[in-house]
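Same order as they appear, the protein sequences are chains A and B. Per my numbering, residue 1 is the first one in the first sequence, and the count goes up by one each step. Per my numbering, residue 410 is the first one in the second sequence, and the count goes up by one each step. Just so you know, even glycine gets a beta-carbon here, dropped at the ideal spot from N, CA and C. Predicted model, so just to flag it, every value in this text is computed and none were measured. Read the structure below first, then the notes.
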Amino acid sequence: MLSKEIRSYFPILNQEINGHPLVYLDSGATSQKPVQVIEAIKKYYEFENSNVHRGVHTLGNRATESYEGAREKVRKFMNAKSTQEIIFTRGTTTSINTVAQSYGRANVKEGDEIVITHMEHHSNIIPWQQLAKETGATLKYIDLEADGTLSLEKVSATITDKTKIVSIVYVSNVLGTMNPIKEITQIAHEHGAIMVVDGAQAAPHLKLDVQNLDCDFLAFSGHKMCGPTGIGVLYGKQALLEKMEPIEFGGEMIDFVGLYESTWKELPWKFEGGTPIIAGAIGLAAAIDFLEEIGLDEIEKHEHELATYAMDKMLTIEGLTIYGPNDPSKRAGIVTFNLDDVHPHDVATVLDMSGIAVRAGHHCAQPLMKWLQCTATARASFYLYNTEEDIDRLVAGLRTTKEYFNDAF
Amino acid sequence: MPSNNLDQLYRQVIMDHYKNPRNKGSIEDGALTIDMNNPTCGDRIHLTLQVEDGVVQNAKFDGEGCSISMSSASMMTQAVKGKKIDEALQLSHIFSDMMLGKEYDDSIDLGDIEALNGVAKFPARIKCATLAWKAMEKGVSEEQQQN
């Protein structure tokens with residue numbers, strides 16, 4: 001377990017909600033932000049704020065150095081070969097859409113296949129649905145095992161020589177399943193397909209290494225990993241990005257502009273049209289510093305321990321169902337559940353009245369809900385600032401909820 | 410322990426409608442059919458209304474959702490049955506005011522619906538309570554426009 005002192009870096013956690021100390025178990029939706037990140041953004045606006053890549057003046061240089069410094073930090077964080085492979089975006093959704101619209105439109109045609117799974121977030125479904133509709137390609141789903149994991153046999157059976165793009169989530173935002181991305185990438189490459197990874201739930205919780213995974217693209221968001229909202233990353237292999245057209249055109253991304261023709265800047269800037277998300281990138285860099293100081297391996301271990309503890313305790317509640325792998329070592333710090341026939345909204349409201357924040361609903365994964373045969377679930381997701389006491393509070397809250405709905409009426 | 414606010418939200422009459430929904434099902438022939446969902450949470454309602462001579466003769470619902478959305482649907486069908494379209498819409502406006510925490514017209518007997526007034530204190534749940542009413546409004550408005 002990580003030290004409880006980590007909590008003290010998160011000012012928001014030090015408050016009461018509905019008369020109870022806050023227990024925040026919704027980091028899967030967005031994480032809280034440490035003072036280090038809040039201060040970095042404040043410092044930028046107080047001492048450096050200026051537009052990047054154009055100012056001759058000192059502030060312009062400071063802002064550019066900080067922004068490009070953030071890119072180098074991200075490169076190291078995910079072990080990319082070059083900063084030219086790191087594109088700042090608005091978040092995972094924009095990153096995946098960039099691949100679908102730029103790479104996809106140029107390389108996918110009628111009769112081709114795009115392969116995803118039943119456990120994808122909407123942000124890794126709809127861009128491909130749209131691409132399939134536009135191009136006449138077929139969208140195929142890899143079926144899940146009963147425990148919500150992927151088997152490489154089914155992956156191999158679904159990907160064919162017609163497959164051009166395979167796009168799969170690294171860590172499921174509902175089931176917590178950690179997928180064998182390296183092995184799937186290998187299968188995709190054997191068939192000449194590219195591999196896209198939705199890393200939104202992976203980047204906050206485990207050590208990324210894009211060279212080891214050998215994936216072609218990987219997308220993630222800053223706000224789920226202690227960074228601010230509005231900043232995300234698209235990693236792409238340089239050889240692929242070089243050949244791709246931008247999807248946004250305007251300032252910042254151009255080289256020469258004529259009346260009827262223009263040329264683009266080199267990588268990565270050709271994909272960053274308009275004034276970039278400077279403060280966001282700087283905040284993300286501060287978040288990376290913060291996470292690396294604690295250690296991603298330590299964070300992953302902490303979450304496994306919490307998930308194990310939570311599953312043990314929660315399963316002592318009669319009528320509670322947990323979705324996803326039973327083996328906690330196969331999952332990240334995400335526990336999705338239902339309590340008897342109490343609707344997850346009602347569960348979440350009763351917990352909220354005890355100061356406990358959980359997510360309730362379809363978690364932006366309607367096809368997965370269909371696969372689980374439920375319309376909604378409740379989800380507790382853990383991060384580095386959560387403790388066993390938080391889980392004890394959750395379990396007590398769930399017992400209260402059960403009594404309240406089953407006995408009181 | 411659950412607070413007073415919770416007891417205000419989950420009154421016994423609400424839980425009764427949730428566990429024993431009135432007018433559950435679907436009217437088969439010649440009925441107005443409205444399907445609505447709440448995309449943020451997955452709640453959905455399938456509402457069928459039989460409107461004759463400007464009067465809601467029958468109302469039935471099917472769907473999936475939390476105690477608030479399903480009990481509200483049950484109460485709504487109960488309330489609008491036998492009402493003229495104008496009266497049904499008026500009830501819906503009163504209900505909407507109630508959800509927004511506004512002063513609402515209490516000259517009309519709201520019956521069971523009154524029990525839902527605690528929802529106003531839970532902003533995240535207002536959409537649950539109004540789903541069935543929005544479906545009803547949509548249905549009768551279309552009927553009105555056609556005639």
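(request) Tell me where the alpha helix (DSSP H) around A/L234 begins and ends. (result) No alpha helix (DSSP H) contains A/L234, which is instead part of the beta strand (DSSP E) from G232 to G236.
(request) Kindly say whether A/M369, judged by its beta-carbon, lies nearer than 8 angstroms to any beta-carbon of chain D. (result) No chain D is part of this structure, whose protein chains are labelled A and B.
(message) Taking its Cβ as the centre, do 16 or more other Cβ atoms sit within 10 Å of A/D390, making it buried, or is it exposed?
(response) buried
(message) Please state the DSSP three-state secondary structure of B/E473.
(response) strand
(request) Using a Cβ cut-off of 7 angstroms, pull out every chain B residue sitting near A/G361, in sequence order please. (result) T449, C450 and G451
(request) Would you decide whether A/R54 is buried or exposed? Buried here means 16 or more other CB atoms lie within 10 Å of its CB. (result) exposed
(request) Would you verify that the beta carbon of A/T336 is, or is not, closer than 8 angstroms to some beta carbon of chain B? (result) no
(request) List the residues of chain B that A/A376 touches, going by C-beta distances under 9 angstroms, in chain order. (result) C450, G451, D452, E473, G474 and C475
(message) Which same chain residues end up closer than 8 angstroms to A/D209 when comparing Cβ atoms and leaving out the 5 residues on each side of it in sequence?
(response) M78 and N79
(message) Could you tell me the alpha carbon to alpha carbon distance between A/I114 and A/K164, rounded to whole angstroms?
(response) 6 angstroms
(message) Using the three-state DSSP reduction, which class does A/T289 fall into: helix, strand or coil?
(response) According to the sequence shown, residue 289 of chain A is Asp rather than Thr. Here A/D289 sits in helix by DSSP.
(request) Can you have a look at A/T387 and say buried or exposed, based on whether 16 or more other CB atoms are within 10 angstroms of its CB? (result) buried
(request) Measure the Cβ-Cβ separation of B/A538 and B/S476 and say whether it is below 8 angstroms. (result) no
(request) Determine the closest residue to A/I282 out of A/S3, A/Y67 and A/S50, with distance taken between C-alpha atoms. (result) A/Y67
(request) With 8 angstroms as the threshold, decide whether the Cβ of B/R534 is near any Cβ in chain A. (result) yes
(request) Could you check if A/T185 is buried or exposed, using at least 16 other CB atoms within 10 Å of its CB as the buried criterion? (result) buried
(request) Could I get the ranges of all uninterrupted beta strand (DSSP E) runs contained in the stretch 115 to 146 of chain A, with 3 residues as the minimum, in chain order? (result) 138 to 142
(request) Note down, in chain order, all residues in the stretch 417 to 431 of chain B with a beta-carbon under 8 angstroms from any beta-carbon belonging to chain A. (result) L418, Y419, Q421, M424, D425 and K428
(message) With H, G and I counted as helix, E and B as strand and the rest as coil, what does DSSP make of A/E113?
(response) strand
(request) Over the uninterrupted beta strand (DSSP E) stretch that includes A/W264, give me the two end residues. (result) S262 to W264
(message) Between the alpha carbons of A/D112 and A/T98, how many angstroms are there, rounded?
(response) 19 angstroms
(request) Please state whether DSSP places A/L339 in a helix, a strand or coil. (result) strand
(request) Per DSSP, which residues does A/E16 bridge with? Please list them. (result) A/P21
(request) For A/S354, name the three-state secondary structure that DSSP assigns. (result) coil
(request) Since I believe A/R379 is in contact with A/R359 (beta carbons under 8 angstroms), could you give me their beta-carbon distance rounded to a whole number of angstroms? (result) 4 angstroms
(message) Less than 8 angstroms between the C-beta atoms of B/L519 and A/V350, yes or no?
(response) no
(message) Just checking: is the beta-carbon of A/M119 within a distance shorter than 8 angstroms of some beta-carbon in chain B?
(response) no
(request) Report, in whole angstroms, the separation of the C-beta atoms of A/M369 and B/G451, which I expect to be a contact under 8 angstroms. (result) 7 angstroms
(message) Please report the distance separating the alpha-carbon of A/Q84 from that of A/V74.
(response) 11 angstroms
(request) Using a Cβ cut-off of 8 angstroms (strictly closer), state whether A/M353 contacts chain B. (result) yes
(message) Using only CA atoms, which one of A/E48, A/Q130 and A/D198 lies nearest to A/G60?
(response) A/E48
(message) Restricting to Cα atoms, I'd like to know which of B/T457, B/D444 and B/L418 is closest to B/I436.
(response) B/T457
(request) Counting only the same chain and skipping the five closest in sequence on each side, list residues whose C-beta sits under 7 angstroms from that of A/T89. (result) S95, T98, G232, V233 and L234
(request) Locate the alpha helix (DSSP H) running through A/L213, then write down its first and last residues. (result) V210 to L213
(message) Output needed in chain order: residues of the stretch 511 to 531 of chain B with a Cβ under 7 angstroms from some Cβ in chain A.
(response) F531
(request) Pull up the distance between the alpha-carbon of B/M508 and that of B/M479, whole angstroms please. (result) 16 angstroms
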